[in-house]
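Asks: Residue numbering for the sequence shown follows my numbering, starting at 696 and increasing by one per position. Sharing a structure here in structure tokens format.
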Amino acid sequence: MSLKIAILPGDGIGPEIVAEAEKVLAELRAGCGFDAEFEHARVGGTAYEAEGHPLPDATLALARAADAILLGSVGGPQWDGLERALRPEQALLALRAELGLFANLRPAILYPQLAGASTLKAEIVSGLDLMIVRELTGGIYFGQPRGIRRRDDGQREGFNTLLYSEHEIERIGRSAFAIAQKRAGRLCSVDKANVLECSELWREVMNRLAGDYPDVELSHMYVDNAAMQLVRAPKQFDVMVTSNMFGDILSDAAAMLTGSIGMLPSASLDASGKGMYEPIHGSAPDIAGQGVANPLATILSVAMLLRYSLDEAALASRVETAVGDVLDRGLRTADIAAAGEQAVSTSAMGDAVVAALRAAQ
Ligand code: NAD
């Protein structure tokens, strides 16, 4: 039976960049023996306009049935005034919750050709290739009780609960160890075990799991030091695993190390490796419809989809190599072009990646 990939282009630049990623998938199918079916559905504001809900039942059903999901982006100012439950971004939260996508993978890769785009010195970041694995469905963003209440003395106080069960720590830990096995074999667990009991348990579970992964070297780092090390010497890291809130902050800092939001893919996985893949950027309404968006983050999301959900590491590497070839040839969309450099369109960039794939066969 062939694999099924659900394709959800979404809003803004979503359809433009997903179209280029589909060209890459079609080329893999035509020329590289990759066997998969693609099925499309609406999500986000586009789905709300057509079907009255940002995540129609048919879209959720398709996402459930698929082996992997490729998503463009959702959102736009025209939907910001809708009640919360109908806003495009709710579709993403619902997909993550419904599909149990608890492991968020955020790579920060800086192609040496683009080292000048970072705000850090080129020698600090050139060739950076780090993966942050963030727990996505637990921790302080979800813990109960939470709220704002009035105390007996009349003062109001806000409170949230940081809570992780051993099971939740173990499953994100196992995902991270397995990812480290597919990379350089080094895993840094980031916590605040000197202050938080929850982190104490986190560290204890990570240490226990390490016994099952003798080929992975586990280390621990406090989150404040990790933030410092990310901007001091980011290339020391291979894979970092951390809780929801720490990961939220560290992964954005790591993304900015690369200086190019249009280049970064991401994945959200369940326990079996099924996942949803999307660029980290949003729907970029300011440039939607102009044919100038960078499709490489979405094309690199396809590479992640191949590696992490379909176990097609060789095909994933071919896509990544093709992206590198295109950058080597000097092709740049406007967001990654240096001053004075000629920029190519979204579709020209997609076509160039396809041509590079074909040339490498
Ligand atoms: P954004 O990421 O859409 O855009 C930020 C800036 O980066 C803009 O100037 C944009 O033009 C540029 N940019 C983004 N992607 C680019 C690409 N591929 N090529 C070239 N330039 C690119 O963030 P925003 O403006 O804060 O949000 C816009 C909308 O996207 C909002 O409705 C927001 O809620 C939504 N959003 C969606 C997601 C998602 O779908 N996962 C993520 C973030 C934001």
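Note that CB positions come from ideal geometry on N, CA and C, so glycine has one too.
Determine the extent of the alpha helix (DSSP H) in which H862 is found, giving its start and end residues.
Replies: Here the alpha helix (DSSP H) through H862 covers E861 to K877.
Asks: Rounding to the nearest angstrom, what Cα-Cα distance links E818 and L805 in this structure?
Replies: Using only the alpha carbons, I get a separation of about 11 Å.
Asks: Counting along the chain, where does the beta strand (DSSP E) carrying D824 start and finish?
Replies: Unbroken beta strand (DSSP E) run through D824: D824 to E830.
Asks: For my contact list, V926 and L815 are in at a C-beta cut-off of 8 Å; report their separation, rounded to the angstrom.
Replies: Right, the Cβ-Cβ distance comes to about 7 Å (below 8 Å), so this counts as a contact.
Asks: Would V987 and T1028 be called neighbours here (beta carbons separated by less than 8 Å)?
Replies: A contact, by the Cβ cut-off of 8 Å.
Asks: Is any heavy atom in ligand 1 found nearer than 7 Å to the beta carbon of H976?
Replies: Correct: H976 has its Cβ closer than 7 Å to ligand 1.
Asks: Would you please state the rounded distance, in angstroms, between the beta carbons of T754 and D706? I believe it to be under 8 Å.
Replies: Not really, about 13 Å apart at Cβ, beyond 8 Å.
Asks: From T993 to S963, what distance separates their C-alpha atoms?
Replies: So the two alpha carbons sit approximately 14 Å from each other.
Asks: Classify R829: buried if its beta carbon has 16 or more other beta carbons within 10 angstroms, exposed otherwise.
Replies: Result: buried.
Asks: Considering only the alpha carbon of each residue, which of P749, A763 and Y743 lies closest to I702?
Replies: Among P749, A763 and Y743, the Cα nearest to that of I702 is on A763.
Asks: Mapping the DSSP letters down to three states, classify A1008 as helix, strand or coil.
Replies: Reduced to three states, the DSSP call for A1008 is helix.
Asks: Closer than 7 Å to a non-hydrogen atom of ligand 1 - does that hold for the CB of E734?
Replies: No, ligand 1 has no heavy atom inside 7 Å of this Cβ.
Asks: Helix, strand or coil, according to DSSP, for L796 in the structure here?
Replies: Note: L796 maps to coil in three-state DSSP.
Asks: When you compare only the Cα positions, how much space is there between A979 and P909?
Replies: The straight-line gap from Cα to Cα measures roughly 43 Å.
Asks: Run the proximity test for I819: is its beta-carbon closer than 7 Å to any non-hydrogen atom belonging to ligand 1?
Replies: I819 Cβ: outside cutoff for every heavy atom of ligand 1.
Asks: Assess, as a yes-or-no matter, whether the stretch 1017 to 1036 is touched by the stretch 794 to 814 under the definition of 3 or more beta carbon pairs within less than 8 Å.
Replies: Cβ pair count under 8 Å is three or more, so yes.
Asks: Buried or exposed: which applies to R1024, given that a residue is buried once 16 or more other Cβ atoms fall within 10 Å of its Cβ?
Replies: That one is exposed.
Asks: So, does the stretch 1003 to 1015 touch the stretch 784 to 795, judging by three or more C-beta pairs under 8 Å?
Replies: No, the stretch 1003 to 1015 does not touch the stretch 784 to 795.
Asks: Is the stretch 735 to 750 close to the stretch 768 to 777, with three or more CB pairs under 8 Å?
Replies: Short answer: they touch.
Asks: Return helix, strand or coil for T953, following the three-state DSSP convention.
Replies: Looking at T953 - three-state DSSP - the assignment turns out to be helix.
Asks: Is N989 near ligand 1, in the sense that its beta carbon is under 7 Å from a heavy atom of that ligand?
Replies: Because some heavy atom of ligand 1 lies under 7 Å away, the Cβ of N989 counts as near it: yes.
Asks: Can at least three beta-carbon pairs, one atom from the stretch 841 to 855 and one from the stretch 872 to 888, be found at a separation below 8 Å?
Replies: Flag = no, the stretch 841 to 855 and the stretch 872 to 888 do not touch.
Asks: Just the C-alpha distance for F872 and K969, rounded to the nearest angstrom, thanks.
Replies: So the two alpha carbons sit approximately 17 Å from each other.
Asks: Could you name the residues that DSSP lists as bridge partners for A763?
Replies: According to DSSP, A763 bridges with I700 and G970.
Asks: Please determine, among A1034, M923 and L959, the residue with the shortest C-alpha to C-alpha distance to E1015.
Replies: When each option's Cα is compared against that of E1015, the closest is L959.
Asks: Starting from the N-terminal side, write out each stretch of the alpha helix (DSSP H) that is 4 residues or longer and does not extend beyond the stretch 877 to 917.
Replies: As far as the stretch 877 to 917 is concerned, its whole alpha helix (DSSP H) runs of at least 4 residues are 892 to 905.
Asks: Flag this pair as yes or no: are the beta carbons of A716 and P990 separated by less than 8 Å?
Replies: Cβ distance < 8 Å, so A716 and P990 count as in contact.
Asks: Specify, as a first and last residue, the run of the beta strand (DSSP E) that E1036 falls within.
Replies: Premise fails: E1036 is in no beta strand (DSSP E) and is neither H nor E.
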